[in-house]
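These protein sequence lines map, in sequence, to chains A and B.
In terms of the working numbering, the first sequence has 370 at position 280, counting the first letter as 1, and numbering is strictly consecutive.
In terms of the working numbering, the second sequence has 286 at position 98, counting the first letter as 1, and numbering is strictly consecutive.
Positions of the beta carbon are idealized from the N, C-alpha and C atoms, including for glycine.
None of these values were measured; they are calculated from a predicted model.
Structure record follows, encoded as structure tokens.
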Amino acid sequence: MSFAIALIEMLTFMIFGVFLAAVLDAFFYRRIAGRSGVSLLMPLYAAAAHLSRQRLTTEAPDRLNWFLSISGFLALGAIGLAVVPFGPQTAVIGMETSVVLWGACESLVVVLVFLHGWSPNSPLALIGAYRYVAIGLPIMLLSMFVLIAVALPAESLDLRAIVISQEGLWNVIRQPLGLPLFLLLGLSLTLRGPLDYGDSADLAGGTSIEDSGANRAGWQVARLAMLVGFSAVAASAFLGGYLGPVLPGIVWLALKTLTVMAVIIAMGHLLARMPVARMLGLIWKVLLPIAFLDLLLAGLVALP
Amino acid sequence: MGMNWLAKIAGLAEVPVFVAIGEGAPSDTAISLCTNPALRSVETPRAAAILLVVGTIPDALLPQLHRLHDQLPHPRATVLWHSGNRLSEATTVGGTEDIGASLKDVHRSLLAGNFDTEPDILPDVPPNEWRGIGTHGQGGKGMMGGTPYGRPMAMTAADLRDGLELDAYTADFGPFLPMFPPGLALTLTLQGDVIQSVAVVHPPFENHENRGWVLLNLLGLPALAERMLRVSNDSDTTLRRLIHLSGARAAIPKSLGRTYDGSDVRARFDQMTGISEHAMNAHVHQTGLDDLLIGLEWHEAMLVLNSFDTAPLRTICANTSDPEPDEKMEGGMDHGAHAGHMS
């Protein structure tokens with residue numbers, strides 16, 4: 091019964107999260123672009139417009155993998171949210187190695203974005219796919235260091251224990267390098283702004299260049315679902331998750347998730363993307379050493 | 189025929205438009221379209237409901253326009269604006285009419301079924317005869333080297349940077365790709381996303397548009413790009429501050445796209461976006477696209493292409509020497525199979 095309730099909570103959280111992410115995205119875009127106002131229903135209109143158009147295919151596509159990439163990406167976002175505790179001991183996927191499961195999801199995103207670019211049999215989509223893999227792999231390493239660091243104070247790889255370990259002090263204070271680095275991973279997982287090397291404008295949409303109709307709507311929804319899943323994980327790993335006074339835990343989690351989402355969306359619109367080779371240099375030479383420093387400091391603090 | 193509920197809701201959305209720019213298009217086309225709240229300019233024809241042709245597409249590029257047209261999903265329509273072209277079933281909108289309202293009407297009519305979706309212009313058959321040997325076109329050299337439907341399979345060649353043997357892929361790009369200056373069509377050989385050779389198929393159309401907004405878009409800053417189109421650059425200190433804070437300048441590699449006069453993409457970006465008020469005339473008389481693009485990754489190459497005004501870019505195209513014959517792919521392929529848009 092409690093599993094069913096948690097599942098309903100999660101699905102509701104995801105649906106509202108995707109909707110709010112789309113509204114926030116439009117709000118930030120319009121605000122920065124100097125446009126006035128944003129209609130709350132614009133994302134629904136846009137989705138209906140996508141669904142009202144034909145789903146085109148290309149010459150000799152890999153149809154199965156094309157479908158799997160979109161549906162799989164959506165599923166990974168949902169799994170991300172499922173490992174997040176909505177209250178003490180309340181998570182749809184409550185397991186002692188939930189951080190490892192989330193790490194596997196991060197890695198599978200690289201595979202699925204690659205498949206999304208591979209499947210249409212289209213050159214610019216394929217370039218986007220390869221480029222995403224080149225950037226995605228070192229970003230995953232960075233994420234692993236950061237996640238191990240938040241697991242150290244909890245002495246557990248269970249996200250529920252990691253939240254409980256923040257009752258006295260949130261990890262964002264305890265490990266100040268962690269959240270900024272983790273947000274970079276969020277930009278990469280959700281294909282946004284400075285780390286959108288899969289679907290970028292220089293490739294006219296990259297891996298999604300051939301998506302039309304329901305496929306295009308599905309890919310956009312999957313990106314937003316991943317944003318919700320990632321933001322909830324980040325809120326739990328660094329901002330104390332459901333912990334907070336007065337309000338119910340799920341409300342605190344929702345507020346913190348919304349905050350992380352807003353920061354990622356704003357970063358996506360405000361930070362420039364550099365060419366791939368330059369970004370690779372930055373990740374390997376600067377960001378990974380910083381991530382290792384974060385892990386080292388967390389380890390030193392955790393020593394008895 | 190009445191509209192179903194999905195079509196009714198879809199009719200409230202911004203109209204997704206793919207814009208094909210031709211000769212004689214107004215230099216403020218991008219501004220007109222982006223400031224129109226009824227429209228959304230999309231980066232691929234797959235995401236569009238309407239193909240908007242602005243200006244006149246010359247006869248030499250009509251085959252590419254036809255291929256582009258056939259890549260829009262149904263229901264679809266074509267609208268001609270400021271254009272001397274005549275396409276069957278296309279709607280012509282006068283230069284003085286409200287383009288937003290006109291496109292909205294066409295879109296709603298399409299969704300309601302009052303306006304028939306346009307059929308393909310080209311037959312749905314391969315553009316070239318089958319010249320492969322095996323089932324999937326393989327054959328010739330080892331398992332590769334066939335030319336299925338006129339497109340040679342990629343053969344390995346030494347990478348320019350480190351000699352690593354990678355597949356080299358040759359195709360035409362342009363003239364309607366949104367990240368290319370309008371009218372520019374190139375034959376590029378790529379290994380991964382590194383440009384190995386370049387030949388000009390068609391130079392860009394003459395236009396006086398400031399491409400600074402395109403550079404911002406290429407740097408992953410579409411909101412700032414739109415802001416640049418919306419406001420007078422000189423008066424918007426917020427825009428300049430946001431560009432500065434975005435790290436856009438630092439994101440552009442130093443010396444990228446350097447011409448013989450010493451200017452590079454960074455300097456031209458500063459000028460185009462109003463960060464620098466220092467007037468600069470690019471001296472490109474000895475510079476060709478081969479000098480600028482070969483060895484660059486795709487993203488860098490797009491930044492270089494859009495960092496020039498049209499006049500110097502046309503000069504650069506004229507200075508570009510064709511690749512040596514042995515650099516070209518064998519087999520007399522028709523790269524046009526991919527022209528207009530990669531799909």
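Indicate the three-state DSSP secondary structure (helix, strand or coil) for residue i in the structure shown.
i: residue 149 of chain A; result: coil
i: residue 357 of chain B; result: strand
i: residue 364 of chain A; result: coil
i: residue 379 of chain B; result: strand
i: residue 524 of chain B; result: Only weak support exists for where residue 524 of chain B lies, its pLDDT of 42 falling under 50; the value from the coordinates is given anyway. If DSSP states are grouped into helix, strand and coil, residue 524 of chain B belongs with the helices.
i: residue 129 of chain A; result: coil
i: residue 136 of chain B; result: Any answer about residue 136 of chain B is impossible in this case: the structure gives chain B only from 189 up to 531.
i: residue 345 of chain B; result: strand
i: residue 447 of chain B; result: coil
i: residue 180 of chain A; result: strand
i: residue 373 of chain B; result: strand
i: residue 485 of chain B; result: strand
i: residue 234 of chain B; result: helix
i: residue 261 of chain A; result: helix
i: residue 304 of chain B; result: coil
Please report whether the beta-carbon of residue i lies at a distance below 8 Å from any beta-carbon of chain B.
i: residue 135 of chain A; result: yes
i: residue 220 of chain A; result: yes
i: residue 301 of chain A; result: yes
i: residue 228 of chain A; result: no
i: residue 365 of chain A; result: yes
i: residue 153 of chain A; result: no
i: residue 288 of chain A; result: no
Are any of the Cβ atoms in chain A nearer than 8 Å to that of residue i?
i: residue 490 of chain B; result: yes
i: residue 486 of chain B; result: yes
i: residue 419 of chain B; result: yes
i: residue 204 of chain B; result: yes
i: residue 371 of chain B; result: no
i: residue 434 of chain B; result: yes
i: residue 448 of chain B; result: no
i: residue 262 of chain B; result: yes
i: residue 461 of chain B; result: no
i: residue 381 of chain B; result: yes
i: residue 363 of chain B; result: no
i: residue 397 of chain B; result: no
i: residue 523 of chain B; result: Residue confidence for residue 523 of chain B is low, a pLDDT of 43 falling below 50, so the modelled location carries little weight and cannot support an answer.
i: residue 482 of chain B; result: no
In the DSSP assignment, find the beta strand (DSSP E) that holds residue i and state where it starts and stops.
i: residue 387 of chain B; result: 382-390
i: residue 204 of chain B; result: 203-209
i: residue 239 of chain B; result: 238-242
i: residue 229 of chain B; result: 227-229
Throw me the rounded Cβ distance for the residue i and residue j pair, which I believe falls under 8 Å.
i: residue 221 of chain A; j: residue 283 of chain A; result: About 15 Å; that fails the 8 Å criterion.
i: residue 316 of chain A; j: residue 280 of chain A; result: 5 Å
i: residue 359 of chain A; j: residue 411 of chain B; result: 5 Å
i: residue 159 of chain A; j: residue 235 of chain B; result: No, residue 159 of chain A and residue 235 of chain B are not in contact; Cβ-Cβ is about 17 Å, not under 8 Å.
i: residue 418 of chain B; j: residue 124 of chain A; result: 5 Å
i: residue 415 of chain B; j: residue 433 of chain B; result: Contact flag wrong, Cβ pair sits at about 13 Å.
i: residue 366 of chain A; j: residue 487 of chain B; result: 6 Å
i: residue 383 of chain B; j: residue 481 of chain B; result: 5 Å
Quick one: give me the first and last residue of the alpha helix (DSSP H) that residue i is part of.
i: residue 434 of chain B; result: 425-434
i: residue 407 of chain B; result: Neither: residue 407 of chain B is in no alpha helix (DSSP H) and is coded neither H nor E.
i: residue 197 of chain A; result: 188-208
i: residue 269 of chain B; result: Residue 269 of chain B -> not in any alpha helix (DSSP H); beta strand (DSSP E) instead, spanning 265-269.
i: residue 281 of chain B; result: Looking at the DSSP string, residue 281 of chain B is not in any alpha helix (DSSP H); the run it does join, the beta strand (DSSP E), is 279-281.
i: residue 213 of chain A; result: 213-244
i: residue 254 of chain B; result: 250-258
i: residue 95 of chain A; result: 92-123
i: residue 276 of chain A; result: 268-279
i: residue 500 of chain B; result: 498-507
i: residue 286 of chain A; result: Premise fails: residue 286 of chain A is in no alpha helix (DSSP H) and is neither H nor E.
i: residue 217 of chain B; result: 217-222
i: residue 316 of chain A; result: 303-328
For residue i, I'd like the list of residues in its chain whose CB is within less than 8 Å of its CB, leaving aside the five on either flank, ordered along the chain.
i: residue 383 of chain A; result: 267
i: residue 198 of chain A; result: 162 and 166
i: residue 93 of chain A; result: 182
Can you name, in chain order, every residue of its own chain whose Cβ lies under 6 Å from the Cβ of residue i, other than the five neighbours on each side?
i: residue 490 of chain B; result: 367 and 406
i: residue 515 of chain B; result: Caution applies to residue 515 of chain B, whose pLDDT of 47 falls short of 50 and renders its modelled position unreliable; the model cannot decide the point.
i: residue 207 of chain A; result: 215, 216, 218, 219 and 297
i: residue 204 of chain A; result: 219 and 223
i: residue 228 of chain B; result: 202 and 204
i: residue 133 of chain A; result: 112
Looking only at its own chain, which residues have a Cβ that is under 7 Å from the Cβ of residue i, when we skip the five neighbours before and after it?
i: residue 192 of chain A; result: 170, 173 and 323
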